[in-house]
């Protein structure tokens, strides 16, 4: 019955122990970590230790590969596409702010592995150098990373050293650009103006500040 | 190459050897190699998946799925939409079990907002979640027959799935895309008469499961088509991140409904996680059949004691989710469906990584199809059970 | 009906078959030509069977058909073997009897 | 159909014409009936639905609508196909069906031809359809079609052997290869000295009957042996590229052959145009009353429907085999079993 | 190879279904002749009560597909109380929903603060031309007749006024 | 039916079928597509079966259809499709001495026709065509299992050897 299983679900001490174990395994390659109480654990590792982290996690018993992706922390220069195309472009905050466990670069690779018997997962992040966006491939660690890395490469333009074939998964092979990067415009929001821009025409000659007593 | 890799290679080789030993007539006529394109328009790939298979006679030397014919870029789309709008969007990922897609996303947003739906909402969510699982997997059971040439099961599946869809539509208004979950609860309460109807339907579905067991699973032809075909060992399944029934059929006792604490009602009732040690196509199909049965049991028990009360927690009218990151995954009909939501405190998510089950499940295809025969491609694909929208997102 | 008309038909088929065996390069085509020859023989056998009012001709025609089936079976197996090893079934290229 | 009945009075050409017309009726009528009763209605009912209901009462005119639809469809030939062969292939298959029906006796005098070696002829002619299927698959210039054609050829050859062997038991028991005589032998026969029931060979040759029906199922490429057309694997196998009239030809051939094989099976195993308790002691073909020429065909159609029902029932219920399993089943199960059956039959024949 | 029981059981299932369909009738409905009534909550088509609409643009703004087009102008209406100031009201000029784009999420119905939009379970409005799926305010108003009452709720639900 | 009628009908039938067979046989050895050649061969073989029927050998004719058309030709087509059956013409089906083959076979034909015509002149196949009836199968079986039993055994052995040989040759390993 499920009550035993619920009892076995680990608490935050276990999560902290996992971080400690990982730190002892990879040393100072572990840059930062965050244990959110009752929730989840995030660690950030050095770029050159990306594969080593994977191997270390496997040896810690994290055999289940959940997903691998990336995050582009740059705020979108296009907003939500709900601006009036005739009006001047609005000012937008373009400071890059990374999320949990910090970061230094615009893009981060994010992966999640899970311990199949302890039922606890770890979110691993690693910075992707802005100059040369390449990290090590995780295929030798988890064979299933193959497709995830292909997808990430296609969507973010992040290279994976040691990946046998980084072909596009979804898009045509001659597609230019990396759609999930924030500076890639979403065409659907550009070709057509937002119907919410059009507002009710004011009363001819009437002043706008005057409020009727309706509703 | 690590040691595990060579182990996998060895298993793969022995698997190929075993398959080759079964060669028809034991006389293999070697023929010119041939590349067969299965799809994108092919009756076996329910959707527009394309499998490029290099054949030697009828044996597959190398196979590679090529997806993307239905890529809709949902991860990008979520970045320009508000949270309620995203709920309508994620319905369309696994379109056969739509309601189940909404739940983890809403739970992730609720986690970031640190609110929890009231118990009645949790109960109803769980009931609808399981109903969508039944709707999804019962279609799988019927479709399985069609993939193997039996045309009758699919009609029976559609017949009984219709009852479930009627229930979902009666409660949510949407037959396929309910869009019923809201951050903090549900859009509305159940309509009167829902509980009684559901009980009747659950009985019908258990009957449907019996019929499938007699018509398909007990059939020796079906067994000889599926047993020992497409064996996925435990460690390979874990490496590729298989989930759901595919993982449990490889003998991994892991069900996210049981093994994590979510504000849902699964751990309030008595049910069983089915596993199968074989890891072959038959095991995958069999586990799914048992899961449909188990789901009907869960629904029946949940119906007995729905708590009364509101279905909506107190949430602001304009929902802004506080800054943070959250990962929530649930055991969807197809497997583990998770959302990694990054919020910057806006009306909509900053980035959403949609971890869909089929993407991982289908990524094992090149591995598992090596050395099988053309008819087995179909069996294995059918037993892995994917939804195109769930692969391409 | 004359005896000669069947025999002449047989002769024509036989000669066409001989031409095929001599002129064809493709092993399968040669086998087909041999079938032509065998059939012309059968035609003769049956014609004489009728001519002499005996069923022996029928019997041996049946034997020949059976032999032909066996011959084609083995012949095609050899062709496939050759094709597998050399990727061609042109007989001219097969100057040596190595597998 | 009763061409032979009128043979004495009619000139040569009229006889021939009658036979051709009779043959067309004997092929198209069962095909149409099977398609409507089983494919449209029984299948639908087995799947909790009603099937076609719009064309005519209970959709009874649906078949004509379908034929009309097919006839007005464009006759597409793939660009890289071998045009001539592509076009004649369906006709080869259909010709095989027409040649098959020619030996089936429908009554004491209602037959098209009365071959001495009728059973043997039937087996020979049924194998011609393989040729049509094979060249249809090849000429389509489509990989699925080619695979389907090759599969069909392999399967049809593999199942011809059990079929021949199953029939040999009947031949041994009846002592003749003439289908008409086999009917007579069954109905005029007796079991343990009691001749009320006659001696339908389904009782004494039950194993043979089962093997024959399995082989028929395979010859017709119906599920569980439908790999050549395997919808979910090969799209439609050798029929993939066919449309319009030529697809219709394949379609008619498929169901007409089902009907003809049912007819032959009922001749071989169910006593043909005779029924138990209505065989009034006739012991030679000439002594059979003339009215059997009218009743006989009706009895035959009834038996055909019965056997087609079984064929279709299995078709709608089972998943399909895999190619190698099918071959193994034919060579390792059916052939040995039928050989043993022949042996036992021969021994018993000699012993009694 | 195959043992008999499993194969026979399969035949039994189909025969049973055949029997059931013959006796109890089919599970399907002969569609154009008889129709199944969709449930009350079914999201078939959106109806517009034009009087309630103030062209506040909320629905158009929250539509994920941008398929609602609203144009309106302000206008002076006679005062509600005698002697009062003339009110300024929003008058609706255009209210179109493009059903070729709509994904039936129902957000517009929910966000409408003035109860101007309703779901109707009506579903037979397919058109041969895609452009005809753009329903204008007249057509949307006609759907109002088909809008049903909200259903009663299941036992244990907290009663609350319709929002 | 009159014997003379039958004779005319049979002769016309013979002529048509013989013409078809000769054309078919010529196409078999000249056409430049393996599958087409095989199909022409089917025409020849079916024609041969019809000729056998004319020669009152019903059983042999049916066997011809069963074995040749139903099995051997299918095997041919199967084999060619497994190896290299392309759609369209192939150029290199003839070898270089096909030019010599023509006079050789023509010479043979000449010699043989001269011998046949000289030897049989207008000798009738059977004196009274009306008496021609199909050979009873029983006679054939008596023949096979009587005087010609030894060849039958030898043949069975040959067939067995052929089956084993074919399997051994075609096996992959």
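Residue numbers (the working numbering), protein chains in the order written: chain R, 27 to 241; chain W, 135 to 527; chain L, 11 to 109; chain D, 1124 to 1475; chain E, 254 to 416; chain C, 3 to 175. Ideal placement from N, C-alpha and C gives every residue a C-beta, glycine not left out. These numbers were taken from a predicted model, which means no experiment stands behind them.
Given this structure, state the Cα-to-Cα distance separating residue i from residue j, to the nearest angstrom.
i	j	result
residue 1479 of chain D	residue 1409 of chain D	Here chain D has residues from 1124 to 1475 only, and residue 1479 of chain D is not among them.
residue 373 of chain E	residue 236 of chain W	24 Å
residue 1151 of chain D	residue 45 of chain C	27 Å
residue 164 of chain W	residue 1212 of chain D	Legend: pLDDT at residue 164 of chain W = 41, less than 50; position of this residue unreliable, value from coordinates given subsequently. Cα to Cα, the separation comes out at about 27 Å.
residue 404 of chain W	residue 232 of chain W	25 Å
residue 93 of chain L	residue 39 of chain L	14 Å
residue 254 of chain W	residue 336 of chain W	21 Å
residue 26 of chain C	residue 157 of chain C	30 Å
residue 1262 of chain D	residue 1413 of chain D	49 Å
residue 272 of chain W	residue 81 of chain L	54 Å
residue 1424 of chain D	residue 1390 of chain D	11 Å
Hey, does residue i have any beta-carbon neighbour from chain R nearer than 8 Å?
i	result
residue 290 of chain E	no
residue 322 of chain E	yes
residue 494 of chain W	yes
residue 137 of chain W	Residue placement at residue 137 of chain W cannot be trusted, given a pLDDT of 44 that sits under 50; what the coordinates show is reported in the next sentence. No, residue 137 of chain W lies away from the interface with chain R (no Cβ there is under 8 Å from its Cβ).
residue 519 of chain W	no
residue 342 of chain W	no
residue 313 of chain E	yes
Verify the CB distance criterion: does residue i have a CB-CB separation below 8 Å to chain D?
i	result
residue 259 of chain E	no
residue 254 of chain E	For residue 254 of chain E, the predicted model reports a pLDDT of 42, less than 50, meaning its position is unreliable; a value from the coordinates is still stated below. Answer yes: the Cβ-Cβ gap between residue 254 of chain E and chain D drops below 8 Å somewhere.
residue 39 of chain C	no
residue 264 of chain E	yes
Since residue i is in the alpha helix (DSSP H), which residue starts that stretch and which ends it?
i	result
residue 179 of chain R	171-182
residue 368 of chain W	368-373
residue 495 of chain W	491-497
Beta strand (DSSP E) containing residue i: first to last residue?
i	result
residue 193 of chain W	193-200
residue 148 of chain R	146-154
residue 344 of chain E	340-351
residue 95 of chain R	90-98
Counting only the same chain and skipping the five closest in sequence on each side, list residues whose C-beta sits under 8 Å from that of residue i.
i	result
residue 40 of chain R	144, 146
residue 333 of chain W	434, 437
Cβ of residue i versus every heavy atom of the ligand FAD: is any distance shorter than 7 Å?
i	result
residue 1273 of chain D	The ligand FAD is absent from the structure shown, which contains no ligands of any kind.
Skipping 5 residues on each side, what residues in its chain have a beta carbon closer than 6 Å to that of residue i?
i	result
residue 41 of chain L	85
Just to confirm my understanding: we take residue i, look at its own chain, exclude 5 residues before and 5 after, and list those with CB closer than 7 Å. What are they?
i	result
residue 369 of chain E	301, 302, 305, 306
Using beta carbons (cut-off 8 Å, strictly below), is residue i in contact with chain E?
i	result
residue 1441 of chain D	yes
residue 1335 of chain D	no
residue 1454 of chain D	no
Strictly under 8 Å for the Cβ-Cβ distance: is residue i near chain C by that measure?
i	result
residue 95 of chain L	no
residue 1227 of chain D	no
Output yes if chain W places a C-beta closer than 8 Å to the C-beta of residue i; else output no.
i	result
residue 163 of chain R	no
Meets three-Cβ-pair contact criterion under 8 Å: the region 403-423 of chain W and the region 207-216 of chain W:
no
Could you tell me whether the region 1238-1247 of chain D touches the region 57-64 of chain C, using the rule of 3 or more Cβ pairs below 8 Å?
yes
Would you say the region 1321-1341 of chain D touches the region 1432-1442 of chain D, given that touching needs at least three Cβ pairs under 8 Å?
yes
Are three or more beta carbon pairs between the region 1459-1471 of chain D and the region 301-309 of chain W nearer than 8 Å?
no
Do the region 1284-1293 of chain D and the region 1325-1336 of chain D make contact, defined as three or more Cβ pairs closer than 8 Å?
yes
Between the region 17-34 of chain L and the region 103-118 of chain C, do three or more beta carbon pairs fall short of 8 Å?
Because the criterion of three Cβ pairs below 8 Å is met, the region 17-34 of chain L and the region 103-118 of chain C touch.
Closer than 8 Å is the cut-off here; do at least three beta carbon pairs connect the region 354-368 of chain W with the region 218-226 of chain W?
Output reads no: the region 218-226 of chain W does not touch the region 354-368 of chain W.
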